[in-house]
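Below you'll find the structure, written out as structure tokens, and then a few comments.
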Amino acid sequence: MTKYEFQLDSVTIVPSDGGRFEVVLDGELIFSKKA
């Protein structure tokens with residue numbers, strides 16, 4: 027997230043199904059990892 031810190035006003039953490047960690051910026055999926 028340090029790559030986008032200058033663009034972030036806030037961060038909302040929402041649970042995902044299947045143990046995934048995903049980062050969405052302006053509706054675009056920019057990172058996804060299954061835990």
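For my numbering, count along the sequence shown from 1 and bump the result up by 26. All C-beta atoms, glycine included, are put in the ideal place defined by N, C-alpha and C. Predicted, not measured: the structure shown is a model, and the values here were computed from it.
Alpha-carbon to alpha-carbon, residue j and residue i
i: Lys29; j: Asp43; result: 25 Å
i: Ser58; j: Val49; result: 6 Å
i: Tyr53; j: Phe32; result: A quick correction: the sequence has Gly, not Tyr, at residue 53. Each residue's Cα considered, the two are about 18 Å apart.
i: Gly45; j: Thr38; result: 17 Å
i: Asp35; j: Leu51; result: 11 Å
Same chain, Cβ closer than 8 Å to residue i, five either side skipped, listed in chain order
i: Val40; result: none
Other residues of its chain near residue i: CB distance less than 6 Å, five sequence neighbours each side excluded
i: Ile56; result: Val49
beta-carbon residue i near the ligand HEM non-hydrogen atom, thresh 6 Å
i: Lys59; result: Although the ligand HEM was asked about, the structure shown includes no ligands whatsoever.
Residues sharing a beta bridge with residue i, DSSP
i: Ser58; result: Glu48
Simplified DSSP state of residue i, which is helix, strand or coil
i: Asp35; result: coil
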